[in-house]
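Asker: Count along the sequence shown starting at 1, add 97, and that's the number in our numbering. The C-beta atom is built at its ideal place from N, Cα and C for all residues, glycine as well. My questions will all concern the structure given below.
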Amino acid sequence: MKKDMIILMGGQGVGKGTFSKMLREQHDYNYIETGAMFRALPSDSEIAKIIARGELVPDAELFKLVESVVTDDKDMLIDGFPRTTAQAEWLVKTFADKYNVHVIYLNVPEEIMLARIQKRINAGGGRADDADAAAVRRRLDTFWNVTMPAIEWLRGAAGIKFSDVDVTGEVDDNFNRILAVLEK
């Protein structure tokens, strides 16, 4: 029987990390958070410099990382990948026959993303690239111009399930909406 691969997608500040943590508290997933893996690299590494500028890590590096950590022993939960249409196509081509792939798009307007990033900074939990307004703007522009086309491609991709979940409300209400689509 195929295992599940749950992919949380959305812009910065939508709650991918928060909802990933909540999902992992309820189910034993193999968890991949590509951004955290890359941010854990030494700050003088080329990938860390790319991330600090608010740019995307090259596909070849992402594909190697994802393939190195995907296992088929239990369900997968992925946060932060794919970010481009080419990455989405690669993911479907590589894993749709091995997993029940379910993409959950965490949908909120940009003003809420910005407010949540600011809240993250004010709470002392902000990432280094959250404090740089120009990097935040580049990340958001990249989301709208690069990641949204990937999300739209996945919405119509054969062999996967796609759910659009409004997460503008309170965390617990949003999480219950996510659970509801997973239970269907």
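Ordered along the chain, which non-local residues of its own chain (more than five positions away) have a Cβ less than 6 angstroms from that of threonine 47?
Answerer: Outside the displayed range of the chain (98 to 281) lies residue 47, so it cannot be described from this structure.
Asker: CA-CA distance, glutamate 207 and aspartate 263?
Answerer: Glutamate 207 and aspartate 263: Cα-Cα distance of roughly 13 angstroms.
Asker: In angstroms with no decimal places, state the Cα-to-Cα distance between serine 260 and glutamate 152.
Answerer: The alpha-carbon atoms of serine 260 and glutamate 152 are separated by roughly 27 angstroms.
Asker: Going by the DSSP bridge assignment, what does valine 198 pair with across the sheet?
Answerer: Met102, Ile257
Asker: Answer yes or no: do glutamine 184 and leucine 159 have a C-beta to C-beta separation smaller than 8 angstroms?
Answerer: yes
Asker: Assign serine 165 to buried or exposed, taking buried as 16 or more other Cβ atoms, counted over all protein chains shown, within 10 Å of its Cβ.
Answerer: exposed
Asker: Mark serine 140 as exposed unless 16 or more other C-beta atoms lie within 10 angstroms of its C-beta, in which case mark it buried.
Answerer: exposed
Asker: In terms of DSSP beta bridges, what is aspartate 176 paired with?
Answerer: Leu105, Glu130
Asker: Using a threshold of 8 angstroms, state whether the C-beta atoms of glycine 107 and asparagine 219 are closer than that.
Answerer: Result no, Cβ atoms of glycine 107 and asparagine 219 do not sit closer than 8 angstroms.
Asker: Between which residues of its own chain and methionine 134 is the CB-CB distance below 7 angstroms, once the five residues before and five after are set aside?
Answerer: The answer, listed in chain order, is Leu162.
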